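Participant: Structure provided below as structure tokens; questions to follow.
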Ligand SMILES: Nc1ncnc2c1ncn2[C@@H]1O[C@H](COP(=O)(O)OP(=O)(O)OP(=O)(O)O)[C@@H](O)[C@H]1O
Ligand SMILES: [Mg+2]
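Numbering (my numbering), first residue to last: 428 to 694.
Next comes the structure, spelled out in structure tokens:
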């Protein structure tokens with residue numbers, strides 16, 4: 428609410444009067460070009476950073492309330508861009524157990540959660556593998572499993588697919604969708620890749636520390652000029668749809684994916 432933020436001692440506002448309400452169970456995407464403030468905003472969601480002005484409230488808890496820090500961190504997990512920087516253990520199962528051990532969970536509970544979390548991300552059976560021997564995509568899945576083991580209500584993903592190839596990207600994207608669909612976890616998904624927002628319920632577009640648009644992917648993709656103004660590019664399918672529109676073709680509903688387009692063109 429009315430959130431503004433400047434890094435220490437700098438006058439410049441990196442976040443400028445942000446107002447967002449992310450609902451429980453929602454898949455909420457935040458998109459913007461490099462330096463628009465996405466990661467700075469993400470770090471406010473679990474009190475890694477605190478507002479310079481305004482407030483951030485997580486499930487009724489103000490992030491300024493230091494006595495509730497661990498309640499907030501338990502509710503909101505974070506997965507970052509580079510899986511290499513998130514992995515601290517040398518064996519897969521130890522990595523997932525790490526956070527739980529620090530919180531003093533009993534070992535039978537830890538075992539259970541490790542097994543379940545690895546299964547959810549598709550790493551079941553890889554418990555004993557050394558972490559250095561995992562591919563980039565597997566490392567990112569491991570990072571997700573480690574967060575998942577803490578049973579958060581919400582997970583914030585800060586450009587989790589940037590280091591991956593197209594297949595790895597699709598793979599992680601489908602794991603994330605399943606977290607929401609099967610486990611009901613609220614997803615905040617940060618990206619600068621327009622294609623990745625098609626599965627979200629709502630999208631906020633950031634530019635120079637401000638939220639400049641906020642709506643469904645359909646609404647955001649329809650604001651063609653505004654999108655270009657903030658340096659983003661429409662994905663191929665909406666761009667094609669827009670060109671067809673200019674040529675006089677009228678769509679019942681703006682297609683976002685190849686599947687949408689097929690339905691529209693060949694009903
Ligand atoms: N620790 C820091 N100290 C000072 N300024 C910072 C710090 N981290 C980020 N900034 C500045 O804040 C602005 C927003 O950065 P931020 O990392 O939040 O953007 P972003 O949208 O996540 O960019 P990217 O897409 O490159 O990850 C940038 O101008 C950046 O230089
Ligand atoms: Mg960033």
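C-beta atoms are modelled at their ideal positions from N, C-alpha and C, and glycine is treated no differently.
Since this is a predicted model, take the numbers as computed values, not measurements.
Pick from 656, 673, 624: whose alpha carbon is nearest that of residue 634?
Facilitator: When only C-alpha atoms are compared, the closest one is 656.
Participant: Look at the alpha carbon of residue 572 and the alpha carbon of residue 452, and state the distance between them as a whole number of angstroms.
Facilitator: Taking the straight line joining both Cα atoms gives about 19 Å.
Participant: Whose C-beta lies closer than 8 Å to the C-beta of residue 585 among residues of the same chain, with five residues either side of it excluded?
Facilitator: Contacts found: 465, 466, 469, 505, 506, 507, 508, 617.
Participant: Could you give the first and the last residue of the continuous alpha helix (DSSP H) run that contains residue 467?
Facilitator: Residues 465 to 469.
Participant: Count the other CB atoms within 10 Å of the CB of residue 577; is the residue buried (16 or more) or exposed (fewer)?
Facilitator: Classification of residue 577: buried, given that the 10 Å Cβ count is 16 or more.
Participant: Are residue 613 and residue 457 close, meaning C-beta to C-beta below 8 Å?
Facilitator: No, the pair does not count as a contact, with Cβ atoms beyond the cut-off.
Participant: Three Cβ pairs or more, each shorter than 8 Å: is that satisfied between the region 428 to 444 and the region 633 to 647?
Facilitator: These segments touch.
Participant: Would you say residue 544 reaches chain C, if we count a Cβ-Cβ gap shorter than 8 Å as a contact?
Facilitator: Absent here is chain C; the protein component of the structure consists of one chain.
Participant: Specify the secondary structure class of residue 535 as computed by DSSP and reduced to three states.
Facilitator: Residue 535 falls in the helix class under three-state DSSP.
Participant: Does the Cβ of residue 598 have 16 or more other Cβ atoms within 10 Å, making it buried, or fewer, making it exposed?
Facilitator: Flag for residue 598 reads buried.
Participant: Have a look at 500, 555, 498 and flag the residue whose alpha-carbon is nearest the alpha-carbon of residue 391.
Facilitator: As displayed, the chain neither begins before 428 nor continues past 694, which places residue 391 out of reach and without an answer.
Participant: Which same chain residues end up closer than 7 Å to residue 495 when comparing Cβ atoms and leaving out the 5 residues on each side of it in sequence?
Facilitator: Here the set comprises 488.
Participant: Quick one: grab the DSSP three-state call for residue 554.
Facilitator: Coil at residue 554, not helix or strand.
Participant: Using 8 Å as the threshold, is the region 662 to 682 in touch with the region 478 to 486, meaning 3 or more CB pairs across them?
Facilitator: As far as the Cβ criterion goes, the region 662 to 682 does not touch the region 478 to 486, which means the pair count is below three.
Participant: Note down, in chain order, each residue of its chain lying with its Cβ closer than 6 Å to the Cβ of residue 500, except the 5 sequence neighbours on either side.
Facilitator: Excluding positions up to five away in sequence, the list reads 473.
Participant: Quick one: is the Cβ of residue 687 within less than 7 Å of any heavy atom of ligand 2?
Facilitator: No.
Participant: Taking the continuous beta strand (DSSP E) assigned at residue 689, which residues delimit it?
Facilitator: Premise fails: residue 689 lies in the alpha helix (DSSP H), 685 to 692, not in any beta strand (DSSP E).
Participant: With DSSP run on the structure shown, which of helix, strand or coil describes residue 456?
Facilitator: Strand at residue 456.
Participant: Could you spell out where the beta strand (DSSP E) holding residue 431 opens and where it closes?
Facilitator: Residue 431 -> beta strand (DSSP E) spans 430 to 432.
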